[in-house]
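Participant: Protein chains in written order, with the working numbering: chain A, 1 to 293; chain B, 294 to 589.
Cβ atoms here follow ideal geometry from the backbone N, Cα and C, with glycine treated the same way.
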Amino acid sequence: MTVVKEAPPAVSQQAPSALRHRNPLRWAVLVALLVLLLLLVGPLLVIAVNAVKSPADYAANGPLSIPGSLYWDGIVDFWNRVNFGQKLLNSFVTALVVAVLGVVLSILNAYALGIGRVKGRVWFLVFFLVANLLPQEVLVYPLYYISKEVGLYDSLFAIIIIFTVIQSAFGTYLLTSVYTEFPRELLDAASVDGAGKWRTLWRVVVPVSGPTLAVLFTFFFIWTWNEFFLPLVFLVSNDNQTVPVALGVLQGDRMMDATTTSASALIGILPAILFFLIFQRTLTRGIAAGAIK
Amino acid sequence: MAGRNRGYALYLIPGVLASLLVIVVPLVMTVYVSFTKWTGVGDPRWVGFDNYTRLFGDTLFWQSFGNIGLLVFAMAIIPTLLGLVLAAVLFDYVGKKFGDRWAGLFRSGYYLPQVIPVAVTGIIWSWILHPSYGALNRILEAVGLGGLAKNWLGDPDYALYSVMLVMIWFQIGYPVVMFMSGLSRIDPSLYEAADLDGATWWQRFRKITVHMIRPEFYVVLITTTIAALKIFGQVFVLTKGGPSNSTLVPSYFAYKNFFEKAQVGYGSAISTVLTVLIVALAFLFLRLQHRSEELR
């Protein structure tokens, strides 16, 4: 034990000077990692550079030159042409409502399964896990058919209902294992204070599990924002499309030249990067915790 | 005890009703329709196993599953193995020699492609890989390798490999993040003890790193495999399954039968087969996870 405790200072005193001189490997590793980083981020940089380049500049200097002057017309034209503000609003509303409803539904399910230990809970959990993993192709046609029958086809409502259920299936699976280990003393204390199940849920269980709920909310929001397949099938009219659908459908458009394509890609990337920067801490912590639980 | 549980069962009602409506009923309907001939209008006509016999004799079906095999390689196997090495290097080497900020920076950078909507990923790459105005061919020409320029997505010989490359690019960050978070569980004294015993980096990697993140390893491998089986968005935007079906995948194959060919029964059979495959993998995942938890 003492040996182990003494080891760290010894290493840290020695390592920096010794390694800097003796170990070119140290820099080789760093360079290799940087090259890989450039390969992964490079395409995004190329997009950004060409989105602000005029078509003439592109024709003359190609995709890799730094733009001679900043040219915003490509982005502005594309924005107006597809009414991008509307698409952003559609995506934002859908993702936000799904995230909120999905978290609420997950909480209710997990309260019954994790804390209530309802009979047959293992089978419920298996069901919810499978529901989340199902390929959407196996649900799409009946959902398309039913939504037409009840008049919800081509409406954000249909998408919101469907994704609330699909996301909460994952949420239930994750949250149940968190609630299974919920401190019993807190529940007992609440019941001694005379709180019923409903009060206990919202006054004790939900506040205590706040961090996990934040992770779920983040996941649901970003996943829903990025969804493509079902929105492509359901949101056919221009005014109802979400960002990925609008961009994905336009891809085959003959009118798109190189700089317009970059412009369209850039305005599709920017919100995603923004969410990534806002949620980064929650995400990187949560991704693993989420999957392992 | 039973009375206490009954109260909690009420909380399951909204979730169960919603799942019935959105998951169970559609699932049952699709399986039923897969035994019928149906254009989507009128009444489905029962044809028994006809769709399935036709499916297993359909070269396109086998081709789409063959393509998925290669995509599993690109989306699951390569990212998992590469992610394992990257995570170990970032955590155990960069983190210790350069500081956690550097390791975190690399991790975020590698993860970036994952946060971009898949449709937009498709747009980015169909532009970069475009034969005439695409960046890749222009770069090759600029560095004097113009002879290597190709119609990356338009040539049946290269299209699937190009899609595979895009998918590696897209997927690599996920295992890195997962494995690094798994590594943060490791007691540092394990590594210190190994150092004192004179273990090489490779020995530490094998005996400590790989051993400790086995749970994450299963999760990553299975979730990425399932993601590969379900791939749709990138294929839709990049190639629409072409040229000459060289990048056809089951989900796009089903989509085409549903919405372009009005062969709903046949499309349902395709998606039912895909579902059986994915559910079987999900159960394998549960078993593996369960077993690795018992071992810990």
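1) For the stretch 193-210 of chain A, enumerate the residues whose C-beta is nearer than 7 Å to any C-beta of chain B, in chain order.
2) Taking the alpha-carbon positions, what's the GLY534(B) to SER69(A) distance?
3) Give a yes or no on whether the C-beta atoms belonging to ALA263(A) and PHE84(A) are separated by under 8 Å.
4) Are VAL178(A) and GLY74(A) touching if we call contact CB-CB under 8 Å?
5) For VAL82(A), which residues in the same chain have their Cβ closer than 6 Å to its Cβ, ignoring the five residues on either side in sequence?
6) Measuring CB to CB, does ARG155(A) end up less than 8 Å from ASN240(A)?
7) Check whether the stretch 323-331 of chain B touches the stretch 557-567 of chain B, counting contact only when three or more Cβ pairs, one atom from each stretch, lie closer than 8 Å.
8) What are the boundary residues of the alpha helix (DSSP H) that ASP343(B) is part of?
9) With a cut-off of 8 Å, does the C-beta of PRO406(B) fall near any C-beta of chain A?
10) Taking the CB atoms as reference points, tell me whether MET368(B) and ALA575(B) lie closer together than 8 Å.
11) Could you check which residue in ALA59(A), PRO207(A), LEU33(A) and LEU129(A) has the C-alpha nearest to that of LEU383(B)?
12) Under the rule that 16 or more other beta-carbon atoms within 10 Å means buried, what is HIS21(A), buried or exposed?
13) Would you check if the distance between the CB atom of LEU230(A) and the CB atom of ILE159(A) is smaller than 8 Å?
14) Can you look up TRP445(B) in the DSSP assignment and give me helix, strand or coil?
15) With DSSP run on the structure shown, which of helix, strand or coil describes THR608(B)?
16) Once the 5 residues before and after THR373(B) are set aside, which same chain residues still bring their CB inside 8 Å of it?
17) If you reduce the DSSP assignment to three classes, tell me which class THR329(B) lands in.
18) Chain A partners of TYR301(B), CB-CB under 9 Å?
19) Helix, strand or coil: how does DSSP classify ARG478(B) here?
20) Which chain A residues are close to PHE399(B), counting only those with a beta carbon under 9 Å from its beta carbon?
21) Taking just the CA atoms, how far does MET460(B) sit from SER539(B)?
22) Can you find a C-beta in chain A that's less than 8 Å from the C-beta of SER455(B)?
23) Of the residues VAL46(A), TRP225(A) and TRP72(A), which one's Cα is nearest the Cα of GLY62(A)?
24) What does PHE552(B) reach in chain A if we use C-beta pairs closer than 8 Å?
25) Applying the 10 Å Cβ sphere with the 16-neighbour rule, what's the burial state of ASN109(A)?
26) Pairing CB atoms from the stretch 491-508 of chain B with CB atoms from the stretch 406-415 of chain B, are three or more of them under 8 Å?
27) Please classify ARG431(B): does DSSP put it in a helix, a strand, or coil?
28) Just to make sure I have the definition right: I need the residues of chain B whose C-beta is within less than 8 Å of the C-beta of THR303(A). Which are they?
29) Can you list the alpha helix (DSSP H) stretches of 4 or more residues lying completely in the stretch 75-147 of chain A, in chain order?
30) Determine whether the beta carbon atoms of GLY308(B) and SER168(A) lie at a separation below 8 Å.
31) Give the residues of chain B in contact with THR172(A), contact being defined as C-beta atoms less than 8 Å apart.
32) Please classify TRP72(A): does DSSP put it in a helix, a strand, or coil?
33) So, is the C-beta of TYR426(B) closer than 8 Å to a C-beta in chain A?
34) Report the neighbours of ARG281(A) on chain B: residues whose CB is nearer than 7 Å to its CB, in chain order.
35) Below 8 Å CB to CB, which residues in the same chain sit around VAL93(A) once its five sequence neighbours on both sides are set aside?
36) If we call anything under 8 Å between Cβ atoms a contact, is PRO142(A) one with MET457(B)?
Facilitator: In terms of the structure at hand:
1) So the close ones are LYS197.
2) In the second sequence, counting from the first residue as 1, residue 534(B) sits at position 241. In the first sequence, counting from the first residue as 1, residue 69(A) sits at position 69. Approximately 39 Å, taken between the alpha carbons.
3) Start at 1 with the first residue of the first sequence, and residue 263(A) comes out as number 263. Start at 1 with the first residue of the first sequence, and residue 84(A) comes out as number 84. In this structure, PHE84(A) does not lie closer than 8 Å to ALA263(A) by Cβ.
4) One-based indexing of the first sequence puts residue 178(A) at position 178. One-based indexing of the first sequence puts residue 74(A) at position 74. Annotated as distal: VAL178(A) and GLY74(A), with beta-carbon spacing of 8 Å or more.
5) Locating residue 82(A) in the first sequence gives position 82, where the first residue counts as 1. Cβ neighbours of VAL82(A) beyond the five flanking positions: ALA246.
6) Locating residue 155(A) in the first sequence gives position 155, where the first residue counts as 1. Locating residue 240(A) in the first sequence gives position 240, where the first residue counts as 1. It should be pointed out that residue 155(A) corresponds to Ser in this sequence rather than to Arg. Cβ atoms of SER155(A) and ASN240(A): closer than 8 Å.
7) Counting Cβ pairs under 8 Å, three or more are found: they touch.
8) Reading the second sequence from its first residue, position 50 is the one you call residue 343(B). Run containing ASP343(B): 343-349, per the alpha helix (DSSP H) assignment.
9) Working through the second sequence from its first residue, we reach residue 406(B) at position 113. Yes, PRO406(B) counts as interfacial toward chain A.
10) Residue mapping note: residue 368(B) aligns to position 75 of the second sequence, counting from 1. Residue mapping note: residue 575(B) aligns to position 282 of the second sequence, counting from 1. No, the Cβ-Cβ distance between MET368(B) and ALA575(B) is not below 8 Å.
11) Within the second sequence, the letter at position 90 stands for residue 383(B). Taking only the C-alpha atoms, the option nearest LEU383(B) is LEU33(A).
12) As a first step, residue 21(A) is located in the first sequence; it is residue number 21 there, counting from the start. Legend: pLDDT at HIS21(A) = 49, less than 50; position of this residue unreliable, value from coordinates given subsequently. Under this definition HIS21(A) is an exposed residue.
13) Translated into the one-based positions of the first sequence, residue 230(A) becomes position 230. Translated into the one-based positions of the first sequence, residue 159(A) becomes position 159. Closer than 8 Å, so yes.
14) Numbered from 1 along the second sequence, position 152 holds the residue referred to as residue 445(B). In this structure, DSSP gives TRP445(B) a state outside helix and strand, which the three-state scheme calls coil.
15) Nothing can be reported for residue 608(B): it is not among the residues displayed for chain B, which extend from 294 to 589.
16) Here the question's residue 373(B) lines up with position 80 in the second sequence. Annotation for THR373(B): PRO468, PHE510, VAL513, LEU514 and THR517 place their beta carbon closer than 8 Å to its own, counting only its chain and skipping 5 residues before and after.
17) Indexing the second sequence from 1 puts residue 329(B) at position 36. Secondary structure at THR329(B): strand, using DSSP grouped into helix, strand and coil.
18) Taking the second sequence and counting its residues from 1, the one referred to as residue 301(B) is at position 8. Here the neighbours are TYR111, ALA112, LEU113, ILE115, GLY116, ARG117, VAL118 and LYS197.
19) As a working mapping, residue 478(B) is identified with position 185 in the second sequence. In the structure shown, ARG478(B) sits in coil (DSSP, three-state: anything other than H, G, I, E or B).
20) In the second sequence, the residue the question calls residue 399(B) occupies position 106. Scanning chain A for C-beta atoms nearer than 9 Å to the C-beta of PHE399(B) yields LEU33, LEU34, LEU36 and LEU37, reported in chain order.
21) Within the second sequence, numbered from 1, the residue matching residue 539(B) stands at position 246. Within the second sequence, numbered from 1, the residue matching residue 460(B) stands at position 167. Cα to Cα, the separation comes out at about 16 Å.
22) Residue 455(B) sits at position 162 when you count from the first residue of the second sequence. No, SER455(B) does not count as interfacial toward chain A.
23) For the purposes of this step, residue 62(A) is taken as the residue at position 62 of the first sequence. Ranking VAL46(A), TRP225(A) and TRP72(A) by Cα distance to GLY62(A) puts VAL46(A) first.
24) Mapped onto the second sequence, residue 552(B) falls at position 259. Going along chain A in sequence order, the residues near PHE552(B) (Cβ under 8 Å) are VAL233.
25) Mapped onto the first sequence, residue 109(A) falls at position 109. Buried is the call here.
26) With a cut-off of 8 Å on Cβ pairs, the stretch 491-508 of chain B is not in contact with the stretch 406-415 of chain B, counting fewer than three such pairs.
27) As a position in the second sequence, residue 431(B) is number 138, starting the count at 1. DSSP places ARG431(B) within a helical segment (H, G or I) once states are collapsed to three.
28) With chain A represented from 1 up to 293, any question about residue 303(A) goes unanswered, as that position is not in the structure.
29) Entirely contained in the stretch 75-147 of chain A, the alpha helix (DSSP H) runs reaching 4 residues are, in chain order, 84-110 and 121-133.
30) Counting from 1 along the second sequence, the entry for residue 308(B) is found at position 15. Counting from 1 along the first sequence, the entry for residue 168(A) is found at position 168. Against a cut-off of 8 Å, the Cβ pair of SER168(A) and GLY308(B) comes out as a contact.
31) For the purposes of this step, residue 172(A) is identified with residue 172 of the first sequence, where counting begins at 1. Taking the beta carbon of THR172(A) as reference, the chain B residues within 8 Å of it are GLY308, listed in sequence order.
32) Stepping through the first sequence from its first residue, residue 72(A) is reached at position 72. Coil at TRP72(A), not helix or strand.
33) Position 133 of the second sequence, counting from 1, holds the residue named residue 426(B). With 8 Å as the cut-off, TYR426(B) counts as an interface residue toward chain A.
34) Translated into the one-based positions of the first sequence, residue 281(A) becomes position 281. Ordered by position in chain B, no residue passes the 7 Å Cβ test against ARG281(A), which lies about 10 Å from the chain.
35) In the first sequence, counting from the first residue as 1, residue 93(A) sits at position 93. Answer for VAL93(A): LEU156, listed in chain order.
36) Locating residue 142(A) in the first sequence gives position 142, counting from the first residue. Locating residue 457(B) in the second sequence gives position 164, counting from the first residue. Going by C-beta atoms, PRO142(A) is not nearer than 8 Å to MET457(B).
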